[in-house]
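These notes concern the structure reproduced below.
Next up, the structure:
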């Protein structure tokens with residue numbers, strides 16, 4: 003429902019709750035300086051308008067006139083402990099549930115469009131935004147996301163991401179490949195299918 007005329011929305015507790023959760027994520031980082039950079043980008047992602055790129059996050063935090071190399075190294079060198087961060091979120095969602103309430107989670111795949119053919123995991127995939135009468139293909143990376151459901155008022159649920167993993171398909175061998183390579187490709191293709199069993203293999207919830 004929309005706020006009444008003259009009322010004031012109070013969001014002062016959001017920052018304190020964010021800092022409390024991030025304090026639990028800090029021990030997973032190798033350096034305190036890296037944890038500070040990650041915290042700045044994470045907070046900027048809540049305030050960024052438009053595309054949530056690294057440039058957009060740095061601009062939102064007012065760091066567009068500083069050196070960007072540390073922010074890009076955070077992602078290029080895999081210095082962000084995403085599994086530990088998601089585990090903190092998962093425990094926070096579980097803490098809000100009652101003892102008898104089940105833990106509900108929803109799984110969905112998403113397509114991240116990429117233009118470079120040499121990007122890891124990029125392949126031609128069906129465009130989900132294309133019309134039904136025409137099959138369009140785009141270059142992109144396939145990712146798998148699991149979100150936990152938090153019960154709200156009047157039976158409405160809010161979803162919080164608790165796992166996000168790149169789920170590429172194995173490259174198809176050429177016509178000169180051996181029978182062993184073709185058999186291995188069929189096994190890898192079967193294990194990378196977006197099914198419940200394949201999701202359990204690709205994403206390990208801790």
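Residue numbers (our numbering): 3 to 208.
Even glycine gets a Cβ: it sits at the ideal position worked out from N, Cα and C.
Only a predicted model underlies this, so the values are computations on that prediction, with no experimental measurement involved.
Query                                                                                                                                                                            : Result
For residue 24, which residues in the same chain have their Cβ closer than 6 Å to its Cβ, ignoring the five residues on either side in sequence?                                 : 41
Grouping DSSP H, G and I as helix and E and B as strand, with all else coil, what is residue 177?                                                                                : coil
Rounded to the nearest angstrom, what separates residue 6 and residue 71 at their Cα positions?                                                                                  : Confidence in residue 6 is poor, its pLDDT being 49 and thus under 50, which makes the residue's placement unreliable; the coordinate value appears in the next sentence. Each residue's alpha carbon lies about 46 Å from the other.
What are the uninterrupted segments assigned as alpha helix (DSSP H) that are 4 or more residues long and contained completely in the region 58-124, given in chain order?       : 71-78, 84-98
Put residue 142 into one of helix, strand or coil per three-state DSSP.                                                                                                          : strand
Nearest by alpha-carbon distance to residue 114: which of 107, 122, 108 is it?                                                                                                   : 122
Mind checking which residues open and close the beta strand (DSSP E) that includes residue 168?                                                                                  : 159-168
Pair every Cβ in the region 162-173 with every Cβ in the region 133-150, then say whether three or more of these pairs are closer than 8 Å.                                      : yes
Mind checking residue 158: buried by the 16 CB within 10 Å criterion, or exposed?                                                                                                : exposed
Please state the DSSP three-state secondary structure of residue 147.                                                                                                            : strand
Tell me, please, whether the region 27-38 touches the region 76-93 by the rule of three or more beta-carbon pairs shorter than 8 Å.                                              : yes
Can you confirm whether the region 59-78 touches the region 36-50 when touching is taken to mean that 3 or more C-beta pairs between the two stretches lie within less than 8 Å? : yes
By how many angstroms is the C-alpha of residue 186 removed from the C-alpha of residue 17?                                                                                      : 49 Å
Among all the DSSP beta bridges, which residues are the ones paired with residue 126?                                                                                            : 141
Measuring alpha carbon to alpha carbon, tell me which of 43, 36, 120 ends up nearest residue 79.                                                                                 : 36
Measuring CB to CB, does residue 175 end up less than 7 Å from residue 183?                                                                                                      : yes
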